[in-house]
Amino acid sequence: MSYQLKILNHPADLRIEVEASSLEELFQGAIELMASLLYKRVNELVKKKKLSLEKDINIEANSLEQLMVDSLNEVLSLSDINNAIFPHCEINDLKDNKLKARILGIKVKRFDLEIKAATYYGLKIETNNRQYKAIITFDI
Amino acid sequence: MINKSDIIKINDYLWEIPKGYKDFMKVSARFYADEVLLEDILKDRSLEQLINVSALNGIYKYALAMPDIHEGYASPIGGVAAIDSEIGIIAPGMQGYDINCGMRLIKTNFEENEIKQFLKKLAREIYEAVPSGLGKGRKIKLSDEELNNILDEGAKYLVKKGYGNENDLEFCESNGNLNYADHRYISLTAKERGRDQIGTLGSGNHFLEIQKVNEIYDEKAAQVFGLFKNQIVIMIHTGSRGLGHQVATDYIKKFVNLMPKYKINVPDQEFACVPFQSQEGQEGFKASAAAANYAWANRQMITYYIRKAIKKVFPSLKDDLDILYDVAHNIIKLETFQIDGKEKKLLIHRKGATRAFPPFHPEIPFKYQEIGQPILIPGSMGTASYILKGLKEAEESFYSVCHGAGRTMSRHEAMRKMSSQTLKEELEKKGIIVMVNSVYNLAEEAPLAYKDVNRVVEVVSKAYLAQKVIQLVPLAVIKG
Numbered sequence: 005m006s007y008q009l010k011i012l013n014h015p016a017d018l019r020i021e022v023e024a025s026s027l028e029e030l031f032q033g034a035i036e037l038m039a040s041l042l043y044k045r046v047n048e049l050v051k052k053k054k055l056s057l058e059k060d061i062n063i064e065a066n067s068l069e070q071l072m073v074d075s076l077n078e079v080l081s082l083s084d085i086n087n088a089i090f091p092h093c094e095i096n097d098l099k100d101n102k103l104k105a106r107i108l109g110i111k112v113k114r115f116d117l118e119i120k121a122a123t124y125y126g127l128k129i130e131t132n133n134r135q136y137k138a139i140i141t142f143d144i
Numbered sequence: 120m121i122n123k124s125d126i127i128k129i130n131d132y133l134w135e136i137p138k139g140y141k142d143f144m145k146v147s148a149r150f151y152a153d154e155v156l157l158e159d160i161l162k163d164r165s166l167e168q169l170i171n172v173s174a175l176n177g178i179y180k181y182a183l184a185m186p187d188i189h190e191g192y193a194s195p196i197g198g199v200a201a202i203d204s205e206i207g208i209i210a211p212g213m214q215g216y217d218i219n220c221g222m223r224l225i226k227t228n229f230e231e232n233e234i235k236q237f238l239k240k241l242a243r244e245i246y247e248a249v250p251s252g253l254g255k256g257r258k259i260k261l262s263d264e265e266l267n268n269i270l271d272e273g274a275k276y277l278v279k280k281g282y283g284n285e286n287d288l289e290f291c292e293s294n295g296n297l298n299y300a301d302h303r304y305i306s307l308t309a310k311e312r313g314r315d316q317i318g319t320l321g322s323g324n325h326f327l328e329i330q331k332v333n334e335i336y337d338e339k340a341a342q343v344f345g346l347f348k349n350q351i352v353i354m355i356h357t358g359s360r361g362l363g364h365q366v367a368t369d370y371i372k373k374f375v376n377l378m379p380k381y382k383i384n385v386p387d388q389e390f391a392c393v394p395f396q397s398q399e400g401q402e403g404f405k406a407s408a409a410a411a412n413y414a415w416a417n418r419q420m421i422t423y424y425i426r427k428a429i430k431k432v433f434p435s436l437k438d439d440l441d442i443l444y445d446v447a448h449n450i451i452k453l454e455t456f457q458i459d460g461k462e463k464k465l466l467i468h469r470k471g472a473t474r475a476f477p478p479f480h481p482e483i484p485f486k487y488q489e490i491g492q493p494i495l496i497p498g499s500m501g502t503a504s505y506i507l508k509g510l511k512e513a514e515e516s517f518y519s520v521c522h523g524a525g526r527t528m529s530r531h532e533a534m535r536k537m538s539s540q541t542l543k544e545e546l547e548k549k550g551i552i553v554m555v556n557s558v559y560n561l562a563e564e565a566p567l568a569y570k571d572v573n574r575v576v577e578v579v580s581k582a583y584l585a586q587k588v589i590q591l592v593p594l595a596v597i598k599g
């Protein structure tokens with residue numbers, strides 16, 4: 005899977021750009037990259053320990069943009085409740101503004117960053133030459 | 120981007136973007152700043168965001184912003200919208216995700232020289248007593264009944280259970296309890312997030328500071344507030360934690376989907392809103408109040424932990440430490456104003472703005488009636504904080520003032536410009552004790568990432584929104 009993360013400038017909150025070569029990868033990338041924002045040493049952790057937490061998410065929305073925000077917020081809620089990060093996401097179905105996915109995670113002692121929510125502010129999902137791009141602002 | 124030439128200077132501290140600047144504006148947008156702060160404000164998108172606030176249905180008189188205004192999402196941070204409660208909307212994004220993020224100040228009777236040698240021990244005890252950071256050291260797991268009681272009654276419930284005294288409620292905005300709150304409008308997910316976060320500080324810009332009274336500007340007000348030179352006080356900055364974030368998330372999502380039903384258009388989806396008088400609007404209002412109650416209970420439980428920590432260091436201490444005041448800076452509340460000789464209820468949305476009631480206002484404690492409400496303004500890390508008093512002239516800002524210094528730089532840029540270790544060393548060189556869970560992110564909150572709080576407070580004072588009573592300086596910083 006290939007996706008890329010870029011941190012954009014925002015004076016108070018966290019604005020990111022995610023790029024991927026398909027819509028599925030874009031959603032997968034946004035969810036997995038959020039784990040690396042919550043917990044910086046995610047790669048080290050994943051190498052050492054098994055992702056023992058499994059959660060299914062089913063989200064329906066009125067637009068693709070809303071689906072992105074709602075999906076990220078669902079994962080954030082699960083992270084907060086379980087004190088866990090979810091660095092692995094399997095997209096099972098993504099069409100008609102509906103997402104079915106399984107996320108795999110691991111408990112952490114503490115997060116490095118408090119993300120309060122993914123917001124609709126300045127939210128964009130664009131496609132160009134088979135590249136998909138999302139710009140997302142998190143309240144931190 | 121807005122240019123300076125688009126802005127009308129009302130006076131040296133007040134500026135206006137007139138109603139006609141954009142077609143969708145329903146009222147003018149006004150903000151408080153001096154020339155220096157204005158230059159900072161023009162560097163980000165905060166004024167564009169303020170213009171968007173002016174488009175909200177039912178907005179009364181002006182979209183307003185305080186001198187610590189900076190770019191957020193939906194409203195700028197520092198934004199205030201007074202909405203006509205009969206015809207207007209309720210917009211959760213206009214108070215932000217950290218519902219009832221706010222400040223509390225605890226007073227001791229110690230002078231600095233009496234406890235200087237114990238300061239490090241005291242800071243350590245407080246650091247260990249109050250769970251800070253993210254997901255660390257959660258001490259209490261609430262039952263469903265306890266959580267529902269907190270949502271409905273706020274700090275009042277904890278005081279009834281022995282975690283404080285009646286005076287704590289007296290010196291708290293709304294007595295720490297919005298009585299129209301209703302836990303039935305809080306989702307199970309939000310409750311699950313809130314179950315083990317009561318009495319926790321969180322991270323980001325939240326903090327505890329041991330401070331001393333450094334300067335007194337208004338002797339009479341300081342005396343009534345029970346403040347004296349070199350006095351040791353403890354400042355708390357935190358909010359409703361994951362529960363509040365989830366309540367905001369739930370209702371913003373709900374309202375995004377409801378806007379077509381009510382034929383509401385907003386310039387930015389994050390302003391998702393419904394008519395305040397609609398059933399959904401009333402439910403959102405009650406849910407927001409429940410999250411606000413949770414935040415007051417959170418600061419109450421932290422106060423309880425702090426009192427225990429202080430008694431551990433000073434076992435002979437007999438009385439509970441008093442609270443100067445507790446006030447929110449992210450909140451939606453109905454407040455009463457005299458408009459054209461009649462009482463009118465406005466739904467005040469404050470996002471990064473502090474309520475600042477004047478003398479003789481019925482909603483401030485009897486003890487402060489002649490002085491006005493104490494207003495708690497924190498500085499950035501390692502810099503001064505202020506206690507102000509409310510003024511009647513602040514009616515023009517719907518009795519709202521700034522909530523801090525206001526950011527000028529992203530957290531990433533701050534981290535690029537200064538290492539956290541260097542910042543820690545600089546604070547320690549100034550004699551400030553630093554207790555943090557992880558030094559790694561400390562520089563995100565470096566003073567260089569913020570406006571000068573002294574200037575922000577000076578603008579508030581010169582605009583006659585509030586007056587300075589005392590200045591506080593930090594002796595110990597405790598962060599998650």
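As given, the protein sequences belong to chains A and B, one line each in that order. Using our numbering, you'd call the opening residue of the first sequence number 5 and step up by one each time. Using our numbering, you'd call the opening residue of the second sequence number 120 and step up by one each time. Virtual Cβ for every residue (Gly too), placed ideally from N, Cα, C. Fair warning: this is a prediction, and the values are worked out from it, not measured in the lab.
May I have the straight-line CA-CA distance separating residue i from residue j, to the nearest angstrom?
i, j, result
"Lys44(A)", "Lys536(B)", "19 Å"
"Lys137(A)", "Leu55(A)", "28 Å"
"His302(B)", "Leu362(B)", "12 Å"
"Asp445(B)", "Val46(A)", "38 Å"
"Tyr132(B)", "Ile126(B)", "13 Å"
"Asn77(A)", "Ala582(B)", "40 Å"
"Gln401(B)", "Tyr299(B)", "10 Å"
"Lys372(B)", "Gly403(B)", "11 Å"
"Tyr336(B)", "Ile20(A)", "44 Å"
"Gly256(B)", "His325(B)", "Legend: pLDDT at Gly256(B) = 47, less than 50; position of this residue unreliable, value from coordinates given subsequently. Going from the Cα of Gly256(B) to the Cα of His325(B) covers about 16 Å."
"Asn284(B)", "Tyr7(A)", "55 Å"
"Asn66(A)", "Leu377(B)", "11 Å"
"His189(B)", "Lys162(B)", "9 Å"
Just the chain B side, please: which residues come within less than 7 Å of residue i by C-beta, in chain order?
i, result
"Glu118(A)", "Leu253, Gly321, Ser322, Gly323"
"Pro15(A)", "Asp163, His189, Glu190, Arg526, Thr527, Met528, Ser529"
"Asp84(A)", "Arg312, Gly361"
"Gln70(A)", "Val375"
Since residue i meets chain A, which of its residues come closer than 8 Å, beta carbon to beta carbon?
i, result
"Arg418(B)", "Per Cβ cutoff of 8 Å: no residues; Arg418(B) is ~17 Å from chain A at best."
"Ser204(B)", "By Cβ distance, chain A contributes nothing, its closest Cβ being about 25 Å from Ser204(B), past 8 Å."
Identify whether residue i lies in helix, strand or coil by the three-state DSSP scheme.
i, result
"Asp263(B)", "helix"
"Phe229(B)", "strand"
"Gly256(B)", "Per-residue confidence for Gly256(B) stands at a pLDDT of 47, beneath the threshold of 50, marking its modelled position as unreliable; the derived number appears in the next sentence. Note: Gly256(B) maps to coil in three-state DSSP."
"Leu584(B)", "coil"
"Asp84(A)", "helix"
"Ser251(B)", "coil"
"Gly403(B)", "helix"
"Gly491(B)", "coil"
"Lys137(A)", "strand"
"Leu440(B)", "coil"
"His14(A)", "coil"
"Lys372(B)", "helix"
"Ala408(B)", "helix"
"Tyr381(B)", "coil"
"Ser519(B)", "strand"
"Arg303(B)", "helix"
"Gln590(B)", "strand"
"Ile425(B)", "helix"
Can you name the residues of chain A whose CB is closer than 7 Å to the CB of residue i?
i, result
"Asn376(B)", "Asn66"
"His364(B)", "Lys120, Ala121"
"Lys372(B)", "Asp74"
How close, in whole Å, do the beta carbons of residue i and residue j come, if the pair is a contact with beta carbons under 8 Å?
i, j, result
"Ser204(B)", "Leu465(B)", "6 Å"
"Lys508(B)", "Gln586(B)", "6 Å"
"Pro593(B)", "Glu247(B)", "Wrong, their Cβ atoms sit about 19 Å apart, outside the cutoff."
"Leu241(B)", "Val432(B)", "5 Å"
"Val343(B)", "Ile490(B)", "5 Å"
"Gln70(A)", "Val375(B)", "6 Å"
Using a Cβ-Cβ cut-off of 8 Å, state whether residue i counts as contacting chain D.
i, result
"Gly215(B)", "Of the chains in the structure shown, none is chain D; the protein chains are A and B."
Could you work out which residues of chain B lie near residue i, taking near to mean beta carbons separated by less than 8 Å?
i, result
"Ser56(A)", "Per Cβ cutoff of 8 Å: no residues; Ser56(A) is ~17 Å from chain B at best."
"Asn77(A)", "Thr368, Lys372"
Along chain A, which residues have their Cβ under 9 Å away from the Cβ of residue i?
i, result
"Tyr126(B)", "Correcting the residue type first, residue 126(B) is Ile in the shown sequence and not Tyr. None at all; the shortest Cβ gap to chain A is about 19 Å."
Exercise. Counting pairs of beta carbons, one from the region 219 to 235 of chain B and one from the region 345 to 359 of chain B, are three or more of them closer than 8 Å?
Worked result: Between the region 219 to 235 of chain B and the region 345 to 359 of chain B, the count of C-beta pairs closer than 8 Å reaches three or more; the two stretches touch.
Exercise. Any contact of the region 529 to 545 of chain B with the region 182 to 198 of chain B, i.e. 3+ C-beta pairs under 8 Å?
Worked result: With a cut-off of 8 Å, the region 182 to 198 of chain B and the region 529 to 545 of chain B do not count as touching, because too few Cβ pairs lie within range.
Exercise. Should the region 147 to 164 of chain B be called in touch with the region 570 to 578 of chain B, which here means at least 3 C-beta pairs below 8 Å?
Worked result: The region 147 to 164 of chain B vs the region 570 to 578 of chain B: in contact.
Problem set entry | At least three beta-carbon pairs within less than 8 Å, the region 474 to 486 of chain B to the region 546 to 563 of chain B | Short answer: they don't touch.
Exercise. Would you call the region 267 to 286 of chain B and the region 408 to 423 of chain B touching, i.e. three or more CB-CB distances under 8 Å?
Worked result: In this structure the region 267 to 286 of chain B touches the region 408 to 423 of chain B; the number of beta carbon pairs closer than 8 Å is three or more.
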